[in-house]
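For reference, the structure discussed in these notes is given below.
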Amino acid sequence: LERCINDRIKPILDCSLINELEKFHDANNRTCTQSERSYNYTRGIFQAIDF
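Residue numbers (this note's numbering): 94 to 144.
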């Protein structure tokens, strides 16, 4: 299992996808702030990507 996880995570880190996820998260936070709503992080895409 550890090897499988490492094989999956290494390309993500190498491709700077972490930066893309952080940008996505920041943009969502700005949208929520502007609309005065909050997001349920226990469901949907953020749960799937472990935010």
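Ideal placement from N, C-alpha and C gives every residue a C-beta, glycine not left out. As the structure is a prediction and not an experimental result, all values here were calculated from the model.
Since I believe residue 105 is in contact with residue 98 (beta carbons under 8 Å), could you give me their beta-carbon distance rounded to a whole number of angstroms?
-> Incorrect: roughly 11 Å between the Cβ atoms, too far for contact.
Please classify residue 99: does DSSP put it in a helix, a strand, or coil?
-> helix
Report the option in 96, 124, 125, 114 whose CA atom is closest to the CA atom of residue 138.
-> 114
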